[in-house]
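Protein chains in written order, with the working numbering: chain A, 551 to 967; chain B, 551 to 967.
For every residue, glycine included, the Cβ atom is placed at its ideal position computed from N, Cα and C.
Laid out in structure tokens, this is it:
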């Protein structure tokens with residue numbers, strides 16, 4: 551199936567905003583086993599919009615158009631869609647009533663220019679937008695089915711999932727049941743995970759399981775797209791594959807599906823009525839910033855300290871170079887003085903000199919509870935920002951491992967030893 | 551001048567990576583007064599690449615192609631460029647020698663597949679890449695001049711600025727001297743600033759000044775593109791316009807050109823041998839994370855505290871609802887107990903209930919030195935993340951104003967009063 555995406559709007563074309571809608575749509579299609587073949591970006595201009603619609607209508611089977619459904623004069627998608635389809639624009643009474651209801655529920659009068667949003671090509675099928683006034687629609691242009699979607703990301707996301715993807719899947723003749731299973735890991739590079747998972751797809755002899763990755767350093771997302779005749783069939787296929795991924799990636803899996811590393815940490819602490827204090831140096835509050843604002847953190851996150859002078863407040867004498875004893879003394883003192891059940895210290899000695907690609911830092915990590923303390927030393931290269939990102943993730947992952955009863959010290963691909 | 555951009559690569563087409571190169575290129579062209587008319591995204595596929603090159607060659611004057619210059623088999627740009635131009639691929643001896651030198655300087659032997667990177671269309675003009683092995687080149691396809699650039703962002707950025715933009719400008723017949731002046735402001739919305747700057751372009755009667763904006767909440771970038779016959783002419787045109795922007799936006803300008811808000815704060819503190827301590831609640835370390843990691847911060851940033859329980863460590867009794875006296879007591883105690891010359895406290899009372907679009911927070915900001923303290927109260931709506939972003943920026947901006955001797959309390963567009 552030949553799928554194209556057309557993104558419209560001067561703000562996208564001039565680079566004023568980065569086009570995250572494109573990558574979002576392409577990924578959502580990949581997740582259900584469909585691929586985009588061609589992407590086009592054009593501005594709010596009648597001539598180029600018409601050329602883009604006609605061109606895609608000649609060569610594609612399905613086209614998703616994003617943007618241009620707003621109430622202002624530079625929103626042209628409905629008008630040009632009607633022109634390209636060779637039909638009139640007509641008032642869609644159902645959508646007009648929905649919009650009037652939308653405004654009256656918010657105690658506002660609908661401005662007259664919003665009526666434009668209810669003008670659709672005569673042959674269009676309406677695609678519902680439950681959270682906005684931009685009306686989606688589907689229409690045939692050339693040999694392709696076009697799906698028009700709003701530019702506002704949260705409206706696009708909902709319409710894509712509920713209205714557009716199911717229609718494209720139905721046209722593609724793909725099996726009705728599809729599920730995406732995701733694993734988030736930390737510490738193994740993409741090619742390493744790829745190698746560890748060799749032969750995984752073959753565990754389902756029907757070929758219903760597809761493996762993919764999405765790297766956002768320092769985390770890696772492993773994605774399993776599973777297709778079946780129905781959801782029972784999907785879960786039957788998924789069970790042995792999921793078990794195998796958990797076995798092969800083991801301790802390196804930090805979260806699954808919509809979970810996050812910080813969410814897993816917060817949940818584990820809550821479960822044991824724990825509280826947390828964090829001491830940071832060069833990571834400068836980034837660990838606290840990941841955890842302390844979350845709903846529920848107000849009773850768990852006890853204290854965060856950011857300092858570039860380690861002997862301050864916790865009364866520990868710090869030698870010119872850090873060592874294990876000092877790190878453990880700092881984390882124990884922090885825990886005692888802030889009254890938390892758990893403390894995490896991530897202390898960093900940066901290399902000297904200017905930032906450069908092989909600039910590095912030595913990371914000293916300590917974790918303490920009343921009865922126990924753990925220590926890990928690591929070295930990360932790659933420039934100041936890379937060291938900082940790496941240290942945040944490594945420190946949080948050590949805490950996750952500690953809370954889950956896993957070894958805190960286990961070699962990762964991103965460290966230099 | 552009709553300019554198109556073609557982005558190539560499966561990683562971009564499948565949405566595995568977000569295409570920030572496109573917006574970067576489009577912005578760089580806008581900054582020198584040029585506009586992109588059409589954007590195309592295609593994968594590593596011979597047939598679609600050829601179709602994309604031919605199509606752009608028929609309708610554009612200049613085309614920038616990004617990606618596909620690497621050493622692996624799926625890097626196809628040179629091969630398809632030669633095919634579209636109707637010429638042979640030939641070995642470019644000069645680039646081969648540069649690559650061999652590149653590897654030998656790093657004490658490595660060049661792998662044989664890198665030779666592919668020195669194969670260019672016979673009619674190509676080489677575009678230098680001083681920091682990588684991907685060789686840029688320019689070649690005519692159809693009626694357009696094509697510029698082939700590497701996908702690695704830092705290589706692209708350098709080649710675009712040094713090689714591609716000057717060549718496109720020369721072809722466009724635009725004046726030789728162009729300068730981009732940027733102002734970063736906080737507290738005024740884009741339409742408000744647009745209105746405040748009404749008539750600004752007319753200050754230069756030759757029409758050589760173009761005004762533009764780029765919003766990245768909570769900051770706004772105001773851009774002046776100035777064209778002239780030479781740099782003296784540009785600076786002559788720029789001086790009165792720059793003075794007028796400073797006058798009209800006044801206290802709301804937080805930084806200019808490559809400066810940042812955190813950089814301005816750090817510099818102002820350094821200049822008075824100051825040190826800083828920060829107390830945060832729901833902003834959860836984001837203020838510390840902006841300042842404390844910067845080069846030079848190791849002697850200025852004294853201490854950061856993140857807590858959701860305010861009475862801890864600083865010994866201030868906090869009533870059920872915050873007030874001015876408590877905020878000032880906390881910031882004074884923090885300054886004294888951490889031994890800094892300056893302290894900033896950004897304390898937040900969040901609304902109750904689930905996150906929603908009108909979810910808000912009340913922000914209590916205190917600043918203290920040994921002899922003086924300042925206070926500001928604000929209210930921001932827009933959901934948890936919006937409140938957090940807004941509070942970080944407002945707190946930092948109050949400190950900037952304090953350090954620069956400006957009023958700390960001045961109404962901003964983003965607060966509800």
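Q: Measure how close the beta-carbons of residue 856 of chain A and residue 842 of chain B come, nearest whole angstrom, since I'm counting them as under 8 Å.
A: 5 Å
Q | Neighbour list for residue 574 of chain A in chain B, Cβ cutoff strictly below 7 Å | A | 565
Q) Would you call the CB atoms of residue 701 of chain A and residue 824 of chain A closer than 7 Å? A) no
Q.
Taking beta-carbon pairs under 8 Å, can you tell me which members of the stretch 771-794 of chain B lie near chain A?
A. Per Cβ criterion, the list is empty.
Q: Tell me, please, whether the CB atom of residue 858 of chain A is closer than 7 Å to any CB atom in chain B?
A: Yes, residue 858 of chain A counts as interfacial toward chain B.
Q. Under the three-state reduction of DSSP, which class applies to residue 799 of chain B: helix, strand or coil?
A. helix
(Q) With a threshold of 7 Å between beta carbons, is residue 843 of chain A in contact with chain B? (A) yes
Q: Just the C-alpha distance for residue 727 of chain B and residue 781 of chain B, rounded to the nearest angstrom, thanks.
A: If you draw a straight line from the Cα of residue 727 of chain B to the Cα of residue 781 of chain B, it is about 6 Å long.
Q. What residues of chain B sit near residue 569 of chain A, judged by a beta carbon separation below 8 Å?
A. 568, 569, 572, 573
Q) Name the chain A residues that come within less than 8 Å of residue 769 of chain B, Cβ to Cβ? A) Ordered by position in chain A, no residue passes the 8 Å Cβ test against residue 769 of chain B, which lies about 14 Å from the chain.
**Q.** Range of the contiguous beta strand (DSSP E) that encloses residue 736 of chain A
**A.** 727-736
Q) Tell me, which residues are paired with residue 760 of chain B by DSSP? A) B:775
Q. What is the rounded straight-line gap between the Cα of residue 964 of chain A and the Cα of residue 793 of chain A?
A. 26 Å
Q. Closest Cβ-Cβ distance between residue 577 of chain A and chain B: below 7 Å?
A. yes
Q: Quick one: residues in its chain with C-beta nearer than 7 Å to the C-beta of residue 722 of chain A, no 5 flanking neighbours on either side, listed in chain order?
A: Hits under 7 Å: 551, 584.
(Q) DSSP three-state label for residue 927 of chain A, please. (A) Three-state result, residue 927 of chain A: strand.
Q | Range of the contiguous beta strand (DSSP E) that encloses residue 699 of chain B | A | 694-699
(Q) Using 8 Å for Cβ pairs, my map puts residue 893 of chain B next to residue 885 of chain B. What's the rounded Cβ distance? (A) Their Cβ separation, rounded to whole angstroms, is 3 Å, which keeps residue 893 of chain B and residue 885 of chain B in contact under 8 Å.
(Q) Suppose contacts are defined by Cβ-Cβ distances below 7 Å. Is residue 607 of chain A in contact with residue 560 of chain A by that definition? (A) no
Q: Verify the CB distance criterion: does residue 945 of chain A have a CB-CB separation below 7 Å to chain B?
A: It does not: the Cβ of residue 945 of chain A has no partner Cβ on chain B nearer than 7 Å.
Q) Are residue 611 of chain A and residue 694 of chain A closer than 7 Å when you measure CB to CB? A) The answer is yes: Cβ separation under 7 Å.
(Q) Does the structure place the stretch 629-646 of chain B close enough to the stretch 588-603 of chain B that three or more beta carbon pairs sit under 8 Å? (A) With the cut-off at 8 Å, the stretch 588-603 of chain B and the stretch 629-646 of chain B touch.
(Q) Comparing C-alpha positions only, which one of A:789, A:783, A:737, A:750 sits nearest to residue 765 of chain A? (A) A:737
**Q.** Proximity to residue 832 of chain A [Cα-Cα], best of B:772, B:776, B:835
**A.** B:835
Q) To the nearest angstrom, how far is it from the Cα of residue 672 of chain A to the Cα of residue 746 of chain A? A) Their Cα atoms are separated by approximately 54 Å.
**Q.** Classification of residue 689 of chain B by the beta-carbon crowding that lies within 10 angstroms, buried from 16 upward
**A.** buried
**Q.** Residue environment, residue 635 of chain B, which counts as buried when at least 16 other CB atoms sit within 10 Å
**A.** buried
Q: For residue 848 of chain A, go through chain B and note every residue whose CB falls closer than 7 Å to its CB, in chain order.
A: 858
(Q) Which residue wins for smallest C-alpha separation from residue 744 of chain B, given the options B:760, B:730, B:925, B:756? (A) B:760
Q: Classify residue 571 of chain B as helix, strand or coil using the three-state DSSP reduction.
A: DSSP places residue 571 of chain B in helix when its eight states are reduced to three.
Q) Can you give the Cα-Cα distance for residue 557 of chain B and residue 917 of chain A, rounded to whole angstroms? A) Their Cα atoms are separated by approximately 46 Å.
Q) Just how far apart, CA to CA, sit residue 591 of chain B and residue 683 of chain A? A) Between residue 591 of chain B and residue 683 of chain A, the C-alpha separation is close to 30 Å.
Q.
Threshold first: 3 residues or longer. Then list the beta strand (DSSP E) segments lying entirely within the stretch 868-905 of chain A, N to C.
A. Annotation: the stretch 868-905 of chain A contains the following complete segments of the beta strand (DSSP E) (minimum length 3 residues), in chain order: 892-900.
Q) Does the distance from the CB of residue 931 of chain A to the CB of residue 910 of chain A come in under 7 Å? A) yes
Q) Looking at the C-beta of residue 866 of chain A, does it have a partner C-beta in chain B at a distance below 7 Å? A) no
Q.
Would residue 714 of chain B and residue 697 of chain B qualify as a contact pair, given that the criterion is a beta-carbon distance under 7 Å?
A. It is a contact, given that the beta carbons lie within the stated cut-off.
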